[in-house]
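The next block holds one structure in the form of C-alpha cells; read it before the comments.
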Amino acid sequence: MKVAKKVVLTFPKHTWDKPIIYTLHSRHHLMFNILKAKITPNEEGLMVLELVGEEEDFNRGIEFLKEVGVGVRFLAADIERDDDECTHCGACISVCPTEALKLDKETMMVIFDKEKCVGCELCVPVCPFKALRIKI
Ligand code: SF4
Ligand code: SF4
C-alpha cells in the first residue's frame, strides 16, 4: 500500500553534509517533495517534506532517519486561528516554516494562509494570546 505523509525532520549539526535525503530516495525508493528547508553548515537544520512510497519502504526510510540521528515528527495537526484573540503581534511569523503566517505590509496585520499550513504545530506554543490552536 502506498503512503504519503508530511514530516518535520530536524538534523543535528553533524549531519548537515550527509546525503540523507538522497539515501531516502536511492536506497529506500521514497519520493519526496521539500516544502521548506533551513539547512546551514554546522548548525541544527530543519526540513518539512512530504514523503511518498510503499508502506514497507516508508517504514524502513523512517527507521534509517532515526538511526542516523535525524528527529522525525509527523504532521497531522489541523491548526486554526481565533481571529478575535489574535492581536497581530507577529510572534508566530518567524517560527512558521512555510510562510502560512505572514505579515501583510500594507495593513500590518498577520495573515494566516491555511492552504500553506502543514500542521507542524511550531506556532502554537509561541502565541502569547493562545490564538493558534490545534483543532480537535
Ligand atoms: S503570535 Fe498569536 S497573537 Fe501574535 S500574530 Fe501570531 S496568532 Fe496573532
Ligand atoms: S502549524 Fe503553524 S507554524 Fe506550522 S505551518 Fe501551520 S501556521 Fe506555520
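In the working numbering, the protein residues as written are 10 to 145.
Ideal Cβ placement from N, Cα and C applies to all residues, glycine included.
Predicted model, so just to flag it, every value in this text is computed and none were measured.
Around the C-beta of D176, are 16 or more other C-beta atoms found within 10 angstroms, so that it is buried, or is it exposed? Shown here, the chain extends from 10 to 145; a query on residue 176 therefore has no answer.
Outcome for V127 when other beta-carbon atoms lying within 10 angstroms are tallied against a minimum of 16: Position 118 of the sequence shown, counted from the first residue, corresponds to residue 127. V127 is buried by the Cβ-count criterion.
For F138 and T96, the rounded distance between their alpha carbons: Here residue 96 is taken as the residue at index 87 of the sequence shown, counted from 1. Here residue 138 is taken as the residue at index 129 of the sequence shown, counted from 1. Straight-line Cα distance between these residues: approximately 8 Å.
Would you check whether ligand 1 has a heavy atom nearer than 6 Å to the C-beta of C126? Counting from one through the sequence shown, the residue named residue 126 turns up at place 117. Every heavy atom of ligand 1 is 6 Å or more from the Cβ of C126, so no.
Kindly identify the DSSP beta-bridge partner or partners of N42. Numbered from its first residue, the sequence shown carries residue 42 at position 33. DSSP, once it has assigned bridges, lists E59 as partnering N42.
Just checking my contact of C132 with L141 at CB under 8 Å: how many whole Å lie between their CB atoms? What you label residue 132 is simply residue 123 of the sequence shown in a count that begins at 1. What you label residue 141 is simply residue 132 of the sequence shown in a count that begins at 1. Yes, they are in contact, since the Cβ atoms of C132 and L141 sit about 5 Å apart, within 8 Å.
What is the DSSP secondary structure of R82, reduced to helix, strand or coil? In the sequence shown, counting from the first residue as 1, residue 82 sits at position 73. Note: R82 maps to strand in three-state DSSP.
For I88, does the count of other Cβ atoms within 10 angstroms reach 16, so buried, or fall short, so exposed? In the sequence shown, residue 88 corresponds to position 79, counting from 1. Label assigned to I88: buried.
Nonlocal neighbours in the same chain, by C-beta distance under 7 Å from I30, ignoring five residues either side: For the purposes of this step, residue 30 is taken as the residue at position 21 of the sequence shown. Cβ neighbours of I30 beyond the five flanking positions: F41.
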